[in-house]
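Visitor: One structure coming up, written as structure tokens, with questions to follow.
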Amino acid sequence: MSQNQLAFVFPGQGSQKVGMLANAAASYSEVTDTFSQASEVLGYDLWDLVQTGPQEALNLTEKTQPLLLTASVALWRVWSANGGAKPSLLAGHSLGEFSALVCSEVISFEAAVDLVRQRGAFMQSAVPVGIGAMAAIIGLDDESIIAICKKLSSDEVVQAVNFNSPGQVVIAGHVNAVTEAMAACKEAGAKRALPLPVSAPFHTSLMQPAGDQLAEVLAGIQFSSPQIPIIHNVNALPESDPERIRQLMVEQIYSP
């Protein structure tokens, strides 16, 4: 595969599971080395957490975010160290955009680990565990989902936040509103409505306080121009200006 045909898309929250990367770690030292590096930043053994769980701990966003960032960077390092072709584009779902920043050398790995740990804490603080939820709606058009969310948002918040592909949209908001929207979407013809294993309603307006806190932290981190173009979540466009990238990372926390 030639370079101009290759793109990497890094995963967001919901991809975590106990025991992940065990097989890769048995073959590639880059995996455990990367987790050791992250553990030094975090002050706890991230690899042990991933391998032993429990799953409920992995699903807490302040644990999930550094975990998945580290897993993505570890696999990137395995790819790069073993002759993998350099991609022409990078992207990431939500949290995965921070993995793309590291792999494109916009920010350092150590800075990113601490950054997403704080990002997770800010997001969880904005909406405590048990208050918010997210769900994937499959097989219903965007307009119908948006209309259902708008109709059910009079007392609580539920919004369409991730437009992953035609026929797959993620909704998020308060638990009861999300539950009602899931049922309404199925009644409207959705094939499936699946709750996601996350602990907060990411990319909704409820995350605005977390965005404000994140902006303060980002102001103290060195940003560089990307070595590989990154397609950003907020506008689906690449950006070369480090200061604009910094702002986009704030906006994506509370924007669809």
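The numbers in our numbering rise by one with no breaks, and the one at position 250 of the sequence shown is 982.
Note that CB positions come from ideal geometry on N, CA and C, so glycine has one too.
None of these values were measured; they are calculated from a predicted model.
Under three-state DSSP, which class holds Ser759?
Guide: What you label residue 759 is simply residue 27 of the sequence shown in a count that begins at 1. Three-state DSSP puts Ser759 in a helix.
Visitor: Give the secondary structure of Ala770 by DSSP, where H, G and I count as helix, E and B as strand, and everything else as coil.
Guide: Within the sequence shown, the letter at position 38 stands for residue 770. Of the three classes helix, strand and coil, the one that applies to Ala770 here is helix, per DSSP.
Visitor: Short of 7 Å in beta carbon distance, which residues of its chain neighbour Ala844, apart from the five on each side in sequence? Order them along the chain.
Guide: As a first step, residue 844 is located in the sequence shown; it is residue number 112 there, counting from the start. Counting only Cβ-Cβ distances below 7 Å, and skipping sequence neighbours, we find Leu801, Phe830, Leu833 and Val834.
Visitor: Need the endpoints of the beta strand (DSSP E) that Ser897 sits in, please.
Guide: As a first step, residue 897 is located in the sequence shown; it is residue number 165 there, counting from the start. Start and end: Val890 to Ser897.
Visitor: Residues bridged to Arg924 by DSSP?
Guide: Here residue 924 refers to the residue found at position 192 of the sequence shown. Per DSSP, Ile870.
Visitor: Output needed for Val949: all residues of its chain with C-beta closer than 7 Å, excluding positions within five of it in sequence on either side, in chain order.
Guide: Taking the first residue of the sequence shown as 1, we reach residue 949 at position 217. These residues qualify, in order along the chain: Leu847 and Gln850.
Visitor: Whole angstroms are fine: how far does the CA of Pro941 sit from the CA of Ala756?
Guide: Counting from 1 along the sequence shown, the entry for residue 756 is found at position 24. Counting from 1 along the sequence shown, the entry for residue 941 is found at position 209. Cα to Cα, Ala756 sits roughly 38 Å from Pro941.
Visitor: Among residues of its own chain, excluding the 5 on either side of Gln769, which ones have a beta-carbon nearer than 6 Å to its beta-carbon?
Guide: Residue mapping note: residue 769 aligns to position 37 of the sequence shown, counting from 1. Answer for Gln769: no residue qualifies.
Visitor: Give the secondary structure of Leu969 by DSSP, where H, G and I count as helix, E and B as strand, and everything else as coil.
Guide: Taking the sequence shown and counting its residues from 1, the one referred to as residue 969 is at position 237. Coil.
Visitor: By Cβ distance below 8 Å, which residues in the same chain neighbour Lys795 in space, the five residues on each side in sequence not counted?
Guide: The residue given as residue 795 occupies position 63 in the sequence shown. Leu781, Ala789 and Gly852, listed in sequence order.
Visitor: Using 8 Å as the cut-off, can you tell me whether the stretch 899-910 makes contact with the stretch 859-879, which would need three or more C-beta pairs spanning the two stretches below that distance?
Guide: With a cut-off of 8 Å, the stretch 859-879 and the stretch 899-910 count as touching, because enough Cβ pairs lie within range.
Visitor: Where does Ala953 sit, in a helix, a strand or coil, going by DSSP?
Guide: Translated into the one-based positions of the sequence shown, residue 953 becomes position 221. A quick correction: the sequence has Ile, not Ala, at residue 953. Ile953 falls in the coil class under three-state DSSP.
Visitor: Look up Gln900 in the DSSP assignment and say whether it is helix, strand or coil.
Guide: Counting from 1 along the sequence shown, the entry for residue 900 is found at position 168. Here Gln900 sits in strand by DSSP.
Visitor: What first and last residue would you give for the alpha helix (DSSP H) that runs through Gly852?
Guide: For the purposes of this step, residue 852 is identified with residue 120 of the sequence shown, where counting begins at 1. Here the alpha helix (DSSP H) through Gly852 covers Phe841 to Ala858.
Visitor: Please classify Ser804 as buried or exposed, where buried requires at least 16 other C-beta atoms within 10 Å of its C-beta.
Guide: Here residue 804 is taken as the residue at index 72 of the sequence shown, counted from 1. Buried, because 16 or more other Cβ atoms sit within 10 Å of the Cβ of Ser804.
Visitor: Tell me the DSSP secondary structure of Phe934 in three-state form.
Guide: Along the sequence shown, read from residue 1 onward, the residue named residue 934 stands at position 202. If DSSP states are grouped into helix, strand and coil, Phe934 belongs with coil.
Visitor: Candidates Pro958, Asn967, Ala739 and Val901: which alpha carbon is nearest Ala922's?
Guide: Along the sequence shown, read from residue 1 onward, the residue named residue 922 stands at position 190. Of the candidates Pro958, Asn967, Ala739 and Val901, the one whose C-alpha sits nearest the C-alpha of Ala922 is Val901.
Visitor: Please classify Gly746 as buried or exposed, where buried requires at least 16 neighbouring CB atoms within 10 angstroms.
Guide: Numbered from 1 along the sequence shown, position 14 holds the residue referred to as residue 746. Gly746 comes out buried.
Visitor: Starting from Val741, follow its DSSP beta bridges and name the residues at the other end.
Guide: Here residue 741 refers to the residue found at position 9 of the sequence shown. Looking at the DSSP assignment, Val741 forms a beta bridge with Ala823.
Visitor: Alpha helix (DSSP H) containing Asp780: first to last residue?
Guide: Taking the first residue of the sequence shown as position 1, residue 780 is located at position 48. Per DSSP, Asp780 belongs to the alpha helix (DSSP H) from Leu778 to Thr784.
Visitor: Spatial neighbours of Leu738 within its chain, please: C-beta separation below 7 Å, excluding the five flanking residues on both sides.
Guide: The sequence position of residue 738 within the sequence shown is 6, counting from 1. These residues qualify, in order along the chain: Ala817, Pro819 and Ser820.
Visitor: Identify the continuous alpha helix (DSSP H) that holds Glu837 and give its terminal residues.
Guide: The residue you call residue 837 lines up with position 105 of the sequence shown. Note, Glu837: premise wrong, no alpha helix (DSSP H); not H, not E.
Visitor: What separation, rounded to the nearest whole angstrom, lies between the Cα atoms of Pro958 and Trp808?
Guide: Position 226 of the sequence shown holds residue 958. Position 76 of the sequence shown holds residue 808. Rounded to the nearest angstrom, the two C-alpha atoms are 16 Å apart.
Visitor: Return the residue from the list Lys749, Gly785 and Thr936 that minimises the CA-CA distance to Ser885.
Guide: As a working note, residue 885 is residue 153 in the sequence shown. The candidate whose alpha carbon is nearest that of Ser885 is Thr936.
Visitor: Considering only C-alpha positions, which residue in the set Phe934, Ala754 and Leu946 is nearest to Ser826?
Guide: Taking the first residue of the sequence shown as 1, we reach residue 826 at position 94. Of the listed residues, the one whose Cα sits closest to Ser826 is Phe934.
Visitor: What three-state label does DSSP hand Gly864 in the structure shown?
Guide: Within the sequence shown, residue 864 is the residue found at index 132, counting from 1. Looking at Gly864 - three-state DSSP - the assignment turns out to be strand.
Visitor: Count the other CB atoms, across all protein chains shown, that sit within 10 Å of the CB of Tyr760; report buried if there are 16 or more and exposed otherwise.
Guide: Residue 760 sits at position 28 when you count from the first residue of the sequence shown. Tyr760 should be labelled buried.
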